[in-house]
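Reading through the structure tokens given below for one structure.
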Ligand code: NDP
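In the numbering used here, the protein residues as written are 660 to 999.
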């Protein structure tokens, strides 16, 4: 392993966008470590991906307690990279983690109790080898724990120095509004929300984006490429052996129906007519939303990171191109949730 010397020009071309009404700026493209950073994955590839991202000005790396597999191992991987490569660069990085999904056995390894959030974050910090994370999220709403308890835990976590900012993920608009009000009252404003958003999944256009705008909360959107469906990955014959769908855990081959692939082919034609790959148009499409602070991509190889970064600098989609995309999505009927 050679010593890492980051690219001196790393801040020259990346756009940094303000996260809601906070002082925090995030890169237009952020990198998520959900896949390809687990204990089952190659550390040298993980290292290449993180180095490539940082060299491109991607200052934000996103994790959760359960990313792996096995759960927790993505944080261990980043911990190793922080130790070897990035130690001197900690103050240039925004590292986030989350708790809210199943992490451990028993009643204290899941959901949203104060007990779980504190113990989970302490475990995350140990795996990462860090004193604090920049953003700590509650990963999903908990229907059984009082919202007041979960939000008070987030506030206490910030006051304890374990996190600088807090965020919410997968909360619906009304839940977000209520949580934001509690956090504001406690004195720890919610700075960021992390929902899913891509051309095939547009629910956030039906209220959440408006709520975030009103509340002054930033928005970082996950799975902008629908886990690789909105790329040319599956346009050839068969499922590539090295693809996410071939692993079959979160994207299953049966989700790639002929109907869905017909839609993807039609979107690919729109992308080609504007001289871009479909992956690039998918990134540009998400970034067209003024309410989106950052697009949170995943990558299995460096070229995918470079493609997304180039897309973030590409010409904005013109009105006629947006209309073409809407027409393609509308032609797919209930496959494409309505905009509005
Ligand atoms: P994407 O939609 O960006 O999918 C990434 C995958 O698409 C890659 O791993 C790769 O898969 C494929 N891909 C990427 N670029 C290209 C390209 N140019 N050409 C062809 N294929 C490409 O995002 P993810 O679903 O990975 O989610 C991103 C991040 O969002 C996660 O890492 C995590 O941090 C966060 N997240 C948060 C959730 C939450 O509940 N808060 C839930 C899910 C994700 P392949 O292996 O096939 O190469």
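We treat Cβ as the ideally placed atom computed from N, Cα and C, and that holds for glycine.
Predicted model, so just to flag it, every value in this text is computed and none were measured.
Three or more Cβ pairs closer than 8 angstroms define a contact, and the region 712 to 722 falls short of that threshold against the region 904 to 913. Residue side-chain check: residue 721 places its Cβ nearer than 7 angstroms to a non-hydrogen atom of the ligand NDP. Taking 4 residues as the shortest admissible run, the region 796 to 833 contains the following complete alpha helix (DSSP H) segments, listed from N- to C-terminal end: 806 to 818. At the C-beta level, residue 946 and residue 971 come within 8 angstroms of one another.
Between the region 773 to 789 and the region 833 to 852 there are fewer than three C-beta pairs closer than 8 angstroms, too few to call the two in contact.
When the beta-carbon positions are compared, residue 953 and residue 665 stay at least 8 angstroms from each other. Taken through DSSP and simplified to helix, strand or coil, residue 755 comes out as strand. Around the beta-carbon of residue 779, 16 or more other beta-carbon atoms lie within 10 Å, marking it buried. The DSSP-derived three-state label of residue 867 is helix. Residue range 953 to 956 is occupied by the beta strand (DSSP E) that includes residue 953.
A direct Cα-Cα distance of roughly 30 angstroms separates residue 961 from residue 862. Residue side-chain check: residue 896 keeps its Cβ at 7 angstroms or more from all non-hydrogen atoms of the ligand NDP. Rounded to the nearest whole angstrom, the CA to CA distance from residue 673 to residue 878 is 18 angstroms. When 805, 729, 733, 725 are compared, the shortest CA-CA separation from residue 709 is found for 733. Looking at the DSSP output, residue 948 bridges to nothing. By a beta-carbon distance limit of 8 angstroms, residue 726 does not contact residue 770. Their separation comes to about 18 angstroms.
Your pair residue 832 and residue 870 checks out as a contact, with CB atoms roughly 4 angstroms apart and the cut at 8 angstroms. Residue 923 carries a helical assignment under DSSP once its states are collapsed to helix, strand and coil.
Considered as a whole, the region 718 to 745 harbours 719 to 721 as its complete beta strand (DSSP E) runs of no fewer than 3 residues, in chain order.
Taking C-beta separations shorter than 6 angstroms and ignoring five residues to either side along the sequence, the partners of residue 967 in its chain run 688, 942, 956, following chain order. By the C-beta density criterion, residue 774 is exposed, having fewer than 16 other C-beta atoms within 10 angstroms. Residue 767 sits in coil when the DSSP states are folded into three classes, being neither helix nor strand.
In the DSSP assignment, residue 709 falls within the alpha helix (DSSP H) that extends over 702 to 714. Annotation for residue 676: the continuous beta strand (DSSP E) segment containing it runs 675 to 677.
For the pair residue 806 and residue 829, the Cα-to-Cα distance works out to about 14 angstroms.
Remark: the C-beta of residue 885 is in contact range of the ligand NDP, defined as less than 7 angstroms to any heavy atom. Spatial neighbours of residue 868 in its own chain (CB-CB distance under 6 angstroms, excluding positions within 5 residues in sequence) are listed in chain order as 950. Here residue 785 carries a helix assignment [DSSP, helix/strand/coil]. Taking a 10 Å sphere around the C-beta of residue 917, we find fewer than 16 other C-beta atoms and assign the residue as exposed. Taking C-beta atoms as the reference points, residue 820 and residue 850 fail to come closer than 8 angstroms. Not a single heavy atom of the ligand NDP lies less than 7 angstroms from the C-beta of residue 795. Annotation for residue 685: the continuous beta strand (DSSP E) segment containing it runs 684 to 686. Closest by C-alpha distance to residue 794, out of 808, 948, 824, is 824.
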